[in-house]
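What follows is a single structure, written as structure tokens, with notes after it.
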Amino acid sequence: MSDGPVLEFERPIVELEKKISDMKDFSVGESIQLDGEIVSLQKKLEKLREEIYSNLTRWQKVQLSRHPKRPYTLDYVRMIMTDFVELHGDRGYADDPAMVGGFANLDGKPVMVVGQQKGRDTKQKLYRNFGMAHPEGYRKALRLFRLAEKFDVPIVILIDTPGAFPGIGAEERGQAEAIARTIREMFTLKVPIVVIIIGEGASGGALGIGVGDRVMMLEFSWYSVISPEGCAAILWRDNAHAPEAAEALKVVSSDLVDLEIIDTVIPEPPSGAHTDPQRAAEMVKKELVAALDELRELPVDQLLDERLQKYRVMGEYDEQ
Amino acid sequence: MEWFRKAKRGLATTEKKNIPEGLWTKCPDCGEIVYSKKMEQLLWVCPNCSYHFRISSLKYIQLLLDGGRLEEYDQDLVSRDPLKFKDSKRYPDRIKAAQQKTGKKDGVISGYGEIDGTKVSFAIMDFAFIGGSMGSVVGEKIARTIERALEAECPLIIISCSGGARMQEGILSLMQMAKTSGLLARLAEKRIPYISILINPTTAGVMASYASLGDVIIAEPGALLGFAGPRVIKQTIGQDLPEGFQSSQFFLDKGFLDSVVNRSELRETVSKLLKFMWRK
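Taken in sequence, the protein lines are chains A and B.
Going by this note's numbering, the first sequence opens with residue 138, and the numbers climb by one from there.
Going by this note's numbering, the second sequence opens with residue 219, and the numbers climb by one from there.
Here it is as structure tokens:
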């Protein structure tokens, strides 16, 4: 595991890793044979890792999805695509740095890639508004979707947002209208759409660019009607109950497979995408390429009918 | 000492302002006291300040549809508990309590009706049922209302009133936004008119889907409209909100409503609009 911020449940692993690395340094420096000890510690490390990561609570997974070192949208674009040309602006009001997009090549074929972007340091976080888009972000996304459709380029969407921004300007410029319209229009786009939730998928802010022919989630991402904190604040009247809310809302990738909302979970490196971004990116690329190859073969009418049908059947009720 | 007092009133919640039973009714906005029978004639709009009291779904059906007649569909749809959701209460208990309170199985009444002889596919949301929240049943009933408009080739009228998606059904509630909006795309392709009517309050998941997608969108005066609720915005930005923020008038001023229409003129306005948009 690399340097930098460490989550509470990652700590035992980080400590053991440090011990092993210290021992290696020591054995080289002092020319003492410690191979046996090192091997046994490494075995212990693997066991510990497996134990911790196969027993994560939903809330711990939510924390992993927010890990400060987790790869963001533009990291994936850089790692799996080439010739990225970023396109800006909604042609109406502004460019929203919380929503990025542009043409790129994936596996030698053109795509339009669009997604929310978070910032790494404080300055960048503010510039990206923590990945919370304003209405102009959704309008920019829709403009790029239409551009892709016009030139018959499939759309790749990477979702990573704690929510659409709730603020005065956002309301003044029609946050609800921007999201509603984008959702509706996505059902009419005559090119394949593949959606991957790579980190946080909060509510309308996520669904606002989230309608697709295939919808996938990275293993340690979450997707929900409301953030665990938001739900806790309303139903428990206290943000501190977020861990319970995460359990109750069933927000993690395996839950969404069980509920038949997403198609695929993309596995991450054993301790999360941030521990081996390159490997995470390769897995994302593999799934993306496979899905797009499949969807490119479908006639447009079938593509659109199946897209609507996919969402038409969502929901659980009884008819008495 | 004026500066010690809060000059502006916050956004008033209207949740508890049910219609009083008494002989006389006091307007919660301006304090005017009116004979209750007179209020009934005035469709529960204050004669002094035009404050719109919350009225039942049944009253909207009476004032909007010919003869107050609705050929109701899908009355038998009931919620499941797909997440086995529990906070301070179990979700099935919340549903039961809401059913007892409202006498309805969930938060939408839908079916066919007529407005000045024009057949319409109609739905109205009920705020009394868990805050008008949208779960699978609400989403499905709205979806079927849209499909009936497609099938019968008649205009669609939805009266929205909702605090948003129903948390207790988690991601399934969120997906109702996609389901309904996707069907509205089909309706738009067929050039069948959709009039969206917003009453107090319409926010969050409903506002960010079908409520905002009408060919014409009209609201009652004084309704709270928006994506995020005022409390969330206040917490996020850490400052008080301007007076009148997120009201119908605010949305009209910002360009997101076609018109703010008084309850007494609602039927006439919708009828006129239909004649312009639908000649069949």
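All C-beta atoms in this analysis are idealised placements derived from N, C-alpha and C, irrespective of residue type, glycine included.
Predicted model, so just to flag it, every value in this text is computed and none were measured.
> How long is the line joining the alpha carbons of E145 (chain A) and L185 (chain A), rounded to whole angstroms?
Replying inline: Residue numbering aside, residue 145 (chain A) sits at position 8 when the first sequence is read from its first letter. Residue numbering aside, residue 185 (chain A) sits at position 48 when the first sequence is read from its first letter. Cα to Cα, E145 (chain A) sits roughly 14 Å from L185 (chain A).
> Around the Cβ of E152 (chain A), are there at least 16 other Cβ atoms within 10 angstroms (buried) or fewer (exposed)?
Replying inline: In the first sequence, residue 152 (chain A) corresponds to position 15, counting from 1. By the 10 Å Cβ count, E152 (chain A) comes out exposed.
>> Along the region 446 to 457 of chain A, where does the CB come closer than 7 Å to a CB of chain B? Name the residues.
In response: Y448, R449, M451, G452, E453, Y454, D455, E456, Q457
> For L326 (chain A), which beta-bridge partners are listed by DSSP?
Replying inline: In the first sequence, counting from the first residue as 1, residue 326 (chain A) sits at position 189. The partner list for L326 (chain A) (beta bridge, DSSP) is empty, contrary to what the question assumes.
> Contact check, H411 (chain A) vs R207 (chain A) under 8 Å by CB: the rounded distance?
Replying inline: Taking the first sequence and counting its residues from 1, the one referred to as residue 411 (chain A) is at position 274. Taking the first sequence and counting its residues from 1, the one referred to as residue 207 (chain A) is at position 70. With a Cβ gap of about 5 Å, H411 (chain A) and R207 (chain A) count as contacting.
> Comparing the C-beta of V326 (chain B) with each C-beta of chain A, is any distance below 8 Å?
Replying inline: Your numbering for residue 326 (chain B) matches position 108 in the second sequence. Not an interface residue.
>> Just list the residues that DSSP pairs R308 (chain B) with in beta bridges.
In response: Start at 1 with the first residue of the second sequence, and residue 308 (chain B) comes out as number 90. In the DSSP output, where bridge partners are listed per residue, R308 (chain B) has B:K304.
>> Can you tell me whether R148 (chain A) is helix, strand or coil according to DSSP?
In response: The residue you call residue 148 (chain A) lines up with position 11 of the first sequence. R148 (chain A): helix per DSSP, three-state reduction.
>> Which residue wins for smallest C-alpha separation from S328 (chain B), given the options B:S399, B:L288, B:G349, B:D247?
In response: For the purposes of this step, residue 328 (chain B) is taken as the residue at position 110 of the second sequence. Considering only alpha carbons, the answer is B:L288.
>> Taking 8 Å as the threshold (beta carbon to beta carbon), is S430 (chain B) in contact with chain A?
In response: Mapped onto the second sequence, residue 430 (chain B) falls at position 212. By this cut-off, S430 (chain B) is an interface position.
>> By the three-class DSSP mapping on this structure, what secondary structure does F420 (chain B) have?
In response: Against the second sequence, residue 420 (chain B) aligns to sequence position 202. As written in the sequence, residue 420 (chain B) is Thr, which differs from the Phe given in the question. DSSP places T420 (chain B) in strand when its eight states are reduced to three.
> Once you ignore the five residues that flank R318 (chain A) on each side, which residues in its own chain have a CB closer than 6 Å to its CB?
Replying inline: One-based indexing of the first sequence puts residue 318 (chain A) at position 181. Nothing listed; no residue qualifies.
>> Please return the same chain residues whose Cβ sits closer than 6 Å to the Cβ of K180 (chain A), not counting the five positions on each side in sequence.
In response: Within the first sequence, the letter at position 43 stands for residue 180 (chain A). So the list is empty, once near-sequence residues are dropped.
>> Please classify G356 (chain A) as buried or exposed, where buried requires at least 16 other C-beta atoms within 10 Å of its C-beta.
In response: Residue numbering aside, residue 356 (chain A) sits at position 219 when the first sequence is read from its first letter. Sequence check: residue 356 (chain A) is Glu here, not Gly. Buried is the call here.
> C264 (chain B) by DSSP, collapsed to three states: which one?
Replying inline: Working through the second sequence from its first residue, we reach residue 264 (chain B) at position 46. Coil at C264 (chain B), not helix or strand.
> Sorted by chain position, which residues of the same chain lie with C-beta nearer than 7 Å to I398 (chain A)'s C-beta, five sequence neighbours on each side aside?
Replying inline: What you label residue 398 (chain A) is simply residue 261 of the first sequence in a count that begins at 1. So the list reads M451, once near-sequence residues are dropped.
>> Assuming E223 (chain A) is part of the beta strand (DSSP E), what are its boundary residues?
In response: The residue labelled residue 223 (chain A) in the question sits at position 86 within the first sequence. 219 to 223 is the span of the beta strand (DSSP E), which, as asked, contains E223 (chain A).
> Does the beta carbon of K337 (chain B) fall short of 7 Å from some heavy atom of the ligand FAD?
Replying inline: Absence of the ligand FAD from the depicted structure is noted, as is the absence of any ligand whatsoever, leaving it without description.
> Which of the three DSSP states, helix, strand or coil, is assigned to W359 (chain A)?
Replying inline: Within the first sequence, numbered from 1, the residue matching residue 359 (chain A) stands at position 222. W359 (chain A) falls in the strand class under three-state DSSP.
> Are the C-beta of T501 (chain B) and some C-beta of chain A separated by less than 8 Å?
Replying inline: Since the first and last residues shown for chain B are 219 and 498, residue 501 (chain B) lies out of range.
> List, in order along the chain, the chain B residues whose C-beta lies closer than 8 Å to that of L355 (chain A)?
Replying inline: Counting from 1 along the first sequence, the entry for residue 355 (chain A) is found at position 218. Under the 8 Å cutoff, chain B gives no residues; its nearest Cβ is about 16 Å from L355 (chain A).
>> Contact criterion: CB-CB distance below 8 Å. Does P436 (chain A) meet it with respect to chain B?
In response: As a first step, residue 436 (chain A) must be located in the first sequence, where it is residue number 299. It does not; no Cβ of chain B falls within 8 Å.
> If we ignore side chains and look at the alpha-carbon of each, how far apart do G381 (chain B) and F267 (chain A) end up?
Replying inline: Residue 381 (chain B) sits at position 163 when you count from the first residue of the second sequence. Residue 267 (chain A) sits at position 130 when you count from the first residue of the first sequence. Approximately 25 Å between the Cα atoms of the pair.
> Counting contacts by CB-CB distance shorter than 8 Å, is A403 (chain B) in contact with chain A?
Replying inline: Locating residue 403 (chain B) in the second sequence gives position 185, counting from the first residue. Yes, contact with chain A.
> When DSSP labels each residue in this structure, what does F302 (chain A) get in the three-state scheme?
Replying inline: Position 165 of the first sequence, counted from the first residue, corresponds to residue 302 (chain A). Looking at F302 (chain A) - three-state DSSP - the assignment turns out to be coil, as it is neither helix nor strand.
> What does T325 (chain A) touch in chain B if you count any residue whose Cβ is under 8 Å from its own?
Replying inline: Within the first sequence, the letter at position 188 stands for residue 325 (chain A). Residues of chain B passing the Cβ test: A403, E407.
>> I want to see whether chain B comes within less than 8 Å of V352 (chain A), judged by CB atoms only; does it?
In response: For this step, residue 352 (chain A) is matched to residue 215 along the first sequence. Not an interface residue.
> DSSP state of Q253 (chain A), grouped into three classes?
Replying inline: Start at 1 with the first residue of the first sequence, and residue 253 (chain A) comes out as number 116. Strand at Q253 (chain A).
>> Check this for me: beta carbons of Y412 (chain B) and L368 (chain B), under 8 Å apart or not?
In response: Translated into the one-based positions of the second sequence, residue 412 (chain B) becomes position 194. Translated into the one-based positions of the second sequence, residue 368 (chain B) becomes position 150. No; because the gap between Cβ atoms is not below 8 Å, this pair is not in contact.
> Candidates A:Y275, A:L201, A:Y448, A:H204: which alpha carbon is nearest M393 (chain B)'s?
Replying inline: Numbered from 1 along the second sequence, position 175 holds the residue referred to as residue 393 (chain B). Ranked by Cα distance from M393 (chain B), the options A:Y275, A:L201, A:Y448, A:H204 are led by A:Y448.
> Short check: CB of F340 (chain B) to CB of R272 (chain B), under 8 Å?
Replying inline: As a working note, residue 340 (chain B) is residue 122 in the second sequence. As a working note, residue 272 (chain B) is residue 54 in the second sequence. Result no, Cβ atoms of F340 (chain B) and R272 (chain B) do not sit closer than 8 Å.
> Along the region 175 to 196 of chain A, what residues have a CB closer than 7 Å to any CB found in chain B?
Replying inline: none
> Taking the alpha-carbon positions, what's the E188 (chain A) to A315 (chain A) distance?
Replying inline: The residue labelled residue 188 (chain A) in the question sits at position 51 within the first sequence. The residue labelled residue 315 (chain A) in the question sits at position 178 within the first sequence. Each residue's alpha carbon lies about 44 Å from the other.
> Rounded to a whole number of angstroms, what is the C-alpha to C-alpha distance between A422 (chain B) and L178 (chain A)?
Replying inline: The residue labelled residue 422 (chain B) in the question sits at position 204 within the second sequence. The residue labelled residue 178 (chain A) in the question sits at position 41 within the first sequence. If I take the Cα positions, the gap works out to 52 Å.
> Rounded C-beta distance between G256 (chain A) and L263 (chain A)? I'm assuming under 8 Å.
Replying inline: Residue mapping note: residue 256 (chain A) aligns to position 119 of the first sequence, counting from 1. Residue mapping note: residue 263 (chain A) aligns to position 126 of the first sequence, counting from 1. With 8 Å as the limit, G256 (chain A) and L263 (chain A) qualify as a contact, their Cβ atoms being about 7 Å apart.
> Hey, would you say K255 (chain B) sits closer than 8 Å to V296 (chain B), going by beta carbons?
Replying inline: For the purposes of this step, residue 255 (chain B) is taken as the residue at position 37 of the second sequence. For the purposes of this step, residue 296 (chain B) is taken as the residue at position 78 of the second sequence. In this structure, V296 (chain B) does not lie closer than 8 Å to K255 (chain B) by Cβ.
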